[in-house]
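Peer 1: Have a look at the structure that comes next, please.
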Amino acid sequence: MSEYLLEMKGICKSFAGVRALDHVNFKVRPGKVMCLAGENGCGKSTLVKIISGVYTRDEGEVIFEGQPVTKITPAEATRMGIQVIYQDLSIFPNLTVMENLAINSEITAGVKFVNRKRWEETAKEALSKIGYNIDLYAKMGELSVADKQLVAICRALLFNAKLIIMDEPTTALTKKEVDALFTTVRQLRDSGIAIMFISHKTEEIFEISDDVCIMRNGKNVYSGLTSELTPDQFTYYMTGRELTNDRFEPKNISREPVLKVDQLTLPGNYENVTFSLRKGEILGITGLLGSGRTELALSLFGLNNPKSGTITLNGSQVKITSPMKAQKLKIGYVPEDRLTEGLCLQQPIADNITLASLKRLSNALGILKHQDILDDAQIWKEKFSIATDDVRKFASTLSGGNQQKIVLSKWLSNDLDVLILNGPTVGVDVGAKQDIHALVHELANEGLAVIIISDDLSEVVTNCNRVIVMKEGRIVGEMDGDQVTEDNILEIIR
Amino acid sequence: MKEFVNKNRYMTMLLGLLAVILVLFTITKGSLLWTGGTWKGIVMQFPEYGVITLGIMFCFVSGHIDMSFVALGDFASIIAVRYMAAHTPENGTNGQIMGVILVGLLIAVLIGALGGVINGVLIAYLNIPPVMATIAMQLVWLGLSTALTQGYAVNGVPALYTEIGHSNVFGFIPFPLLVFIIVFIICAFLLKFTTYGEKLYMLGSNIKAAKFSGINTKAMLIGTFVFADVVATIGCMLMVSSNNSAKADYGTSYVMQVILILVLAGVLPDGGLGKITNVVLAIVTVQIISSCINMFKDLNIYYANMIWGGLLIVVLILGTKLNGEGLIRKKKKA
Numbered sequence: 005m006s007e008y009l010l011e012m013k014g015i016c017k018s019f020a021g022v023r024a025l026d027h028v029n030f031k032v033r034p035g036k037v038m039c040l041a042g043e044n045g046c047g048k049s050t051l052v053k054i055i056s057g058v059y060t061r062d063e064g065e066v067i068f069e070g071q072p073v074t075k076i077t078p079a080e081a082t083r084m085g086i087q088v089i090y091q092d093l094s095i096f097p098n099l100t101v102m103e104n105l106a107i108n109s110e111i112t113a114g115v116k117f118v119n120r121k122r123w124e125e126t127a128k129e130a131l132s133k134i135g136y137n138i139d140l141y142a143k144m145g146e147l148s149v150a151d152k153q154l155v156a157i158c159r160a161l162l163f164n165a166k167l168i169i170m171d172e173p174t175t176a177l178t179k180k181e182v183d184a185l186f187t188t189v190r191q192l193r194d195s196g197i198a199i200m201f202i203s204h205k206t207e208e209i210f211e212i213s214d215d216v217c218i219m220r221n222g223k224n225v226y227s228g229l230t231s232e233l234t235p236d237q238f239t240y241y242m243t244g245r246e247l248t249n250d251r252f253e254p255k256n257i258s259r260e261p262v263l264k265v266d267q268l269t270l271p272g273n274y275e276n277v278t279f280s281l282r283k284g285e286i287l288g289i290t291g292l293l294g295s296g297r298t299e300l301a302l303s304l305f306g307l308n309n310p311k312s313g314t315i316t317l318n319g320s321q322v323k324i325t326s327p328m329k330a331q332k333l334k335i336g337y338v339p340e341d342r343l344t345e346g347l348c349l350q351q352p353i354a355d356n357i358t359l360a361s362l363k364r365l366s367n368a369l370g371i372l373k374h375q376d377i378l379d380d381a382q383i384w385k386e387k388f389s390i391a392t393d394d395v396r397k398f399a400s401t402l403s404g405g406n407q408q409k410i411v412l413s414k415w416l417s418n419d420l421d422v423l424i425l426n427g428p429t430v431g432v433d434v435g436a437k438q439d440i441h442a443l444v445h446e447l448a449n450e451g452l453a454v455i456i457i458s459d460d461l462s463e464v465v466t467n468c469n470r471v472i473v474m475k476e477g478r479i480v481g482e483m484d485g486d487q488v489t490e491d492n493i494l495e496i497i498r
Numbered sequence: 003m004k005e006f007v008n009k010n011r012y013m014t015m016l017l018g019l020l021a022v023i024l025v026l027f028t029i030t031k032g033s034l035l036w037t038g039g040t041w042k043g044i045v046m047q048f049p050e051y052g053v054i055t056l057g058i059m060f061c062f063v064s065g066h067i068d069m070s071f072v073a074l075g076d077f078a079s080i081i082a083v084r085y086m087a088a089h090t091p092e093n094g095t096n097g098q099i100m101g102v103i104l105v106g107l108l109i110a111v112l113i114g115a116l117g118g119v120i121n122g123v124l125i126a127y128l129n130i131p132p133v134m135a136t137i138a139m140q141l142v143w144l145g146l147s148t149a150l151t152q153g154y155a156v157n158g159v160p161a162l163y164t165e166i167g168h169s170n171v172f173g174f175i176p177f178p179l180l181v182f183i184i185v186f187i188i189c190a191f192l193l194k195f196t197t198y199g200e201k202l203y204m205l206g207s208n209i210k211a212a213k214f215s216g217i218n219t220k221a222m223l224i225g226t227f228v229f230a231d232v233v234a235t236i237g238c239m240l241m242v243s244s245n246n247s248a249k250a251d252y253g254t255s256y257v258m259q260v261i262l263i264l265v266l267a268g269v270l271p272d273g274g275l276g277k278i279t280n281v282v283l284a285i286v287t288v289q290i291i292s293s294c295i296n297m298f299k300d301l302n303i304y305y306a307n308m309i310w311g312g313l314l315i316v317v318l319i320l321g322t323k324l325n326g327e328g329l330i331r332k333k334k335k336a
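Line by line, the protein sequences are chains A and B.
Mapping of the first sequence onto this note's numbering: residues 5 to 498, in sequence order.
Mapping of the second sequence onto this note's numbering: residues 3 to 336, in sequence order.
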C-alpha cells in the first residue's frame, strides 16, 4: 500500500475558459493533518469539490489508497470514505441533534418507517466516536456554531470516514472553541484518520498541521512539511508579496474625548459600561461571543436602545435612537455579517459604496448625480485597491476581502467622527486584511476615532492602542500601550 | 448585438415573444389584427391596468407584494362616484361639475393613500408577511364595498367625467393614454433619477443592509405603499370612466394580470430588480395577446384565465433561467 491516502497529480479545471486549477499536485498522508491554505479565490474550494465529486476534473490523476480513481461522484466519494464538512455545515436547523445525526444513514439504508430507538442508537454511536456529550433532543438551530460543527463531525464519522475535509471550520469560532475543535482534530488524527484542514489563518495552520499545501491563483506554490516553513515564508507564498506586520502607533490623539459612555446599561445585554474614546485612537473591544460586545456596538449605532446611562458626543449628551440619527451624529458602523447586514449583493459595486452618502451625491431636490456616484466609487476602488475592472459590476462578483472593502468604503466616504468596526476582517484573506488595517491606521492618524470589535486577538493587539475586555456584559479589564498583549487579554477572558 | 442581448435579457425575451405572437396571429387572424379599430382598442384598453401596474411595480422593487390594490381602488371609486353623483348640480355649468369631479378624485386619492398607509404599517411596523397582510386588506375593502352597495354598480357618474375619459387630447391622444404617459414619466423619473429610487432598489435587494446604511426603511416602505396604492387608485378611476359606474368587483382579474406583467418584465417580488421600460413593453405585449384572444369569437372567454395562468408559469420558468443560476451555470460548463 502506498504511503499516501490520497494523491492528486496535475489536476486542471477550467470554467468558461478561465483556469481555476492549473496542474495542482498534492498528497494526503493517513493519520496526519494536512492544511490547504490560500487566499480567497485561489481555487481551494474548487479543489475540494473535485475531491468530493461535485466537479469533474478536466485533466490529472487521482489515486486513493494506491488505486487510481477515474471518475468521482459524490456517492462514490462517500463510499471511499471521503467526508466534507462545509462552512454552512449542511445541517437541518429545525430538527433535533438525534435526527440530524441519524438522517443520512437512514436515507442511505432506504428505511421507510421511523424507529425512534434505532435513531437514538445511531446518534449515540456517532457521539461516542469522539466522546462528545450533548442533549440528543436539542434543536440543532439553537446550538452554538462550535456545537453544530462537532455534530457535523460526528455525522461524518458514521460513514467510516478515512479523510475528513473541513472547509474553514474556525471562521465563526471563538478562541476557546477553536482549542476544543483542535483537540477533537488531534484525537481523530491519532485514530488514523486523515484531516484536510482549509484555512487562511497563519497561527492556526502552524498550530495544527503536519503538512501544508499553499495555493495561489490556481497553482500550488508550496507543499511539504509545516515544520520546514516559517510564518513569514508562509505569508509570502500565500500572497506573493512581502507583508509587514506594522503595529498601530497613535500619532495624533486629541485631548478631549469625542465619545464618552457612562454607566450604559441594557439588562440582559450589558451593564454599567463606562469608557471614553478620543480622536486618533483605535480602541479594541474584545470578549467571547455573548459577552455583550456586539449588543453594545448596536446601541452606539441606534439599533439597540439602552435602558439607562448616558452617551456624550463632542461634549453634548445624545440619545442615539436609530441608524439615521447615528449617521447624523457622524457615527459609522461596519456590521459583523457583511453578507446579510452590509451588502446588497445583486446591485452594482458603485451603488453599494455610495449608499450611505446619497445626500452628498444628489441635489436639494433629491435628484441623483449619476456621474458623481461613479467617480466617488472609482476613488475608493483605487484607494482601497478593490479588485474589479468596472464598479458597475455587481457586488456579488467580488471575493470576501473585496466585499469587505466596499462595506468600509461606504462609511469612510462619509464625514465621520467615530467609526465602529465589528469583526472587520472575518473571512478576509491576508492580503486584503493588511490593506484594511493599513487604511484604518491612516484614518485614525488623520483624526478619526475608531472602535474595533473583534475576537481575533492578534488583530486586536496589532491594531489597537487601547483594549477593553468584556465578559458577561461587563467590562472586566482595560489596558493600553505596551500592556496590550495576547497573553494579558487571554488571562482576563478566561 | 450579443452585448445588447446579455444586458437586456428581459427586453430580448419580450421582443421575441411579441414577434412570435404577431406572426402567429397575423397567420391566423391577419385580416382582423391589422385594422385601425383593433389597434385603437389596444391603445384605449391598456392604460387602465397599465397605470396600476406602474404603481405596483414600486412594491415589487422594494421586495414586497400587494394583493389589495384593486379592491382598494374599487372601494375608493365607489365612494368617489357616490360623492360625485350626490353633488353634481342639475344643469350646472361645466366649471361647477368639474369642481365636483376634482373633489371626487381627491377623495379617491386620499382613500388610496389611506390604504397604502395601512398596508405599510402592517408590513413595516407589525412585521406581517406582505402577502398575508394585503390579502387580508383586500378582503376588508371588498367587504366594505359590497356592504355599501349590496353588490350593485354605483351609477351617476357625471357625463362630463365619462366624456373626458373618452376624449382625445390634441385630437389624437386618447385621454387614458395621456394619463398613462404622465404616470410613466413620473415613475421613471423617481426610479432612475432620484435618491428615493436608488434607495428603493438597494432596500429591495437587502433591507437589512439598507437599514445598517442609515436608511429609514420603515418610512421608505410606507411611502412606497402609499405611492403604489394612490397610482393604482388612479388606474381604477380610469376604469370608472370606461364603465360609466363603480362596482365592488370591477377589475378583479387585474390583480393576477398585474403580477403576470411585472414578472414578465423581470420585476420579481424578490425585490431590487427590473426596469420600467421593460414593464411598459410587457404591458403592451399582454394587451396585444388579450386583444388577439378576443378575436377568436368561438373561444370560450373563460379559457382566457387558463391562458394567463399558463403564460405566468412559462414566464416564471424562463425568469428563473434569465435571472438565476440556470443559464449561468450552463455557460460555465460549456
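Each residue gets a CB set at the ideal place from its N, CA and C atoms; glycine is no exception.
Listing by chain order, which chain A residues have their CB less than 8 Å from the CB of TYR198 of chain B?
Peer 2: Those within 8 Å of TYR198 of chain B in chain A are GLY370.
Peer 1: Which word fits PHE372 of chain B, buried or exposed, when buried means at least 16 other C-beta atoms lie within 10 angstroms of its C-beta?
Peer 2: Residue 372 of chain B lies beyond the range of chain B shown here (3 to 336); nothing can be said about it.
Peer 1: Please list the partners that CYS16 of chain A has in chain B, where partner means a Cβ-to-Cβ separation under 8 Å.
Peer 2: Residues of chain B passing the Cβ test: none, with the nearest at roughly 15 Å.
Peer 1: Touch check for the segment 7 to 19 of chain A and the segment 30 to 45 of chain A: three-plus C-beta pairs under 8 Å?
Peer 2: The segment 7 to 19 of chain A is in contact with the segment 30 to 45 of chain A.
Peer 1: Give the residues from the segment 333 to 347 of chain A that approach chain B closer than 8 Å (Cβ to any Cβ), ordered along the chain.
Peer 2: The segment 333 to 347 of chain A vs chain B, Cβ under 8 Å: TYR337, PRO339, THR344, GLU345, GLY346, LEU347.
Peer 1: Compile a chain-ordered list of the residues in the segment 209 to 234 of chain B whose CB is closer than 8 Å to at least one CB of chain A.
Peer 2: Here the close residues are LYS210, ALA211, ALA212, LYS213, PHE214, SER215, GLY216, ILE217, ASN218.
Peer 1: If you compare alpha carbons, which of B:VAL159, B:ALA161, B:LEU144 is closest to GLY153 of chain B?
Peer 2: Of the candidates B:VAL159, B:ALA161, B:LEU144, the one whose C-alpha sits nearest the C-alpha of GLY153 of chain B is B:LEU144.
Peer 1: With 16 as the cutoff for other CB atoms within 10 Å, does ASN367 of chain A come out buried or exposed?
Peer 2: Classification of ASN367 of chain A: exposed, given that the 10 Å Cβ count is below 16.
Peer 1: Please tell me whether LYS277 of chain B has its Cβ less than 8 Å away from any Cβ of chain A.
Peer 2: Taking Cβ atoms only, chain A never reaches closer than 8 Å to LYS277 of chain B, which makes this a no.
Peer 1: So, helix, strand or coil for TYR136 of chain A, using DSSP?
Peer 2: Three-state result, TYR136 of chain A: coil.
Peer 1: Secondary structure at MET13 of chain B, three-state DSSP: helix, strand or coil?
Peer 2: Helix at MET13 of chain B.
Peer 1: So, at 8 Å on beta carbons, what are the nonlocal neighbours of ARG396 of chain A in its own chain, with the 5 sequence-adjacent residues on each side left out?
Peer 2: Here the set comprises PRO352, ILE353, ALA354, LEU378.
Peer 1: Work out the CA separation of HIS27 of chain A and THR507 of chain A for me, nearest whole Å.
Peer 2: Absent from the model: residue 507 of chain A. The displayed extent of chain A is 5 to 498, so no value can be given.
Peer 1: Taking C-beta to C-beta, are LEU320 of chain B and LEU16 of chain B nearer than 8 Å?
Peer 2: No, these two residues do not count as a Cβ contact at 8 Å.
Peer 1: Report the rounded CA-to-CA distance for ASN210 of chain B versus ASN256 of chain A, giving the unit in angstroms.
Peer 2: Note that residue 210 of chain B corresponds to Lys in the displayed sequence, not to Asn. Between LYS210 of chain B and ASN256 of chain A, the C-alpha separation is close to 35 Å.
Peer 1: Over the uninterrupted beta strand (DSSP E) stretch that includes HIS66 of chain B, give me the two end residues.
Peer 2: No beta strand (DSSP E) contains HIS66 of chain B, which DSSP labels as neither H nor E.
Peer 1: Any beta carbon of chain B sitting closer than 8 Å to that of GLN91 of chain A?
Peer 2: By this cut-off, GLN91 of chain A is not an interface position.
Peer 1: Can you tell me whether PHE174 of chain B is buried or exposed? The criterion is at least 16 other CB atoms within 10 Å of its CB, across all chains shown.
Peer 2: So PHE174 of chain B counts as exposed.
Peer 1: Quick one: what does DSSP say ASN426 of chain A is sitting in, helix, strand or coil?
Peer 2: ASN426 of chain A: strand per DSSP, three-state reduction.
Peer 1: Considering only DSSP beta bridges, list what CYS39 of chain A is partnered with.
Peer 2: Answer is A:PHE201, A:VAL216, bridged to CYS39 of chain A.
Peer 1: Put GLN267 of chain A into one of helix, strand or coil per three-state DSSP.
Peer 2: DSSP places GLN267 of chain A in strand when its eight states are reduced to three.
Peer 1: What would DSSP say about ASP236 of chain A, mapped onto helix, strand or coil?
Peer 2: Three-state result, ASP236 of chain A: helix.
Peer 1: For ILE76 of chain A, I'd like the list of residues in its chain whose CB is within less than 6 Å of its CB, leaving aside the five on either flank, ordered along the chain.
Peer 2: Around ILE76 of chain A: GLY57.
Peer 1: Any beta carbon from chain A within less than 8 Å of GLY274 of chain B's own beta carbon?
Peer 2: Closer than 8 Å: yes.
Peer 1: CA-CA distance, LEU461 of chain A and VAL471 of chain A?
Peer 2: Roughly 10 Å separates the two Cα atoms.
Peer 1: At a Cβ threshold of 8 Å, is ASP355 of chain A touching chain B?
Peer 2: So yes, ASP355 of chain A belongs to the interface.
Peer 1: When burial is assigned at 16 or more other CB atoms within 10 Å of the CB, is GLY326 of chain B buried or exposed?
Peer 2: For GLY326 of chain B, the predicted model reports a pLDDT of 47, less than 50, meaning its position is unreliable and no value from the coordinates is stated.
Peer 1: Cβ atoms of LEU425 of chain A and ILE383 of chain A: under 8 Å apart, would you say?
Peer 2: No, Cβ-Cβ distance for ILE383 of chain A and LEU425 of chain A is not below 8 Å.
Peer 1: So, do the segment 51 to 71 of chain A and the segment 85 to 105 of chain A have three or more beta carbon pairs nearer to each other than 8 Å?
Peer 2: As far as the Cβ criterion goes, the segment 51 to 71 of chain A touches the segment 85 to 105 of chain A, which means the pair count is three or higher.
Peer 1: Between LYS42 of chain B and chain A, is there a C-beta pair that is closer than 8 Å?
Peer 2: Cβ-Cβ to chain A under 8 Å: no for LYS42 of chain B.
Peer 1: Based on the DSSP output, what are the partners of PHE398 of chain A in its beta bridges?
Peer 2: PHE398 of chain A pairs with A:PRO352.
Peer 1: Identify each residue in the segment 114 to 137 of chain B for which the Cβ-Cβ distance to at least one residue of chain A is less than 8 Å, and report them in chain order.
Peer 2: From the segment 114 to 137 of chain B, no residue has a Cβ closer than 8 Å to chain A.
Peer 1: Are the Cβ atoms of THR349 of chain A and PHE398 of chain A separated by less than 8 Å?
Peer 2: Rather than Thr, the amino acid found at residue 349 of chain A in this sequence is Leu. In this structure, PHE398 of chain A lies closer than 8 Å to LEU349 of chain A by Cβ.
Peer 1: Contact between the segment 214 to 224 of chain B and the segment 103 to 122 of chain B is defined here as three or more beta-carbon pairs at a separation below 8 Å; is this criterion met?
Peer 2: As far as the Cβ criterion goes, the segment 214 to 224 of chain B touches the segment 103 to 122 of chain B, which means the pair count is three or higher.
Peer 1: Taking C-beta pairs closer than 7 Å, name the residues in chain A that MET204 of chain B reaches, listed in chain order.
Peer 2: Per Cβ cutoff of 7 Å: CYS348, GLN351, ASP355, LEU359.
Peer 1: Contact criterion: CB-CB distance below 8 Å. Does LEU362 of chain A meet it with respect to chain B?
Peer 2: Chain B contact via Cβ: present.
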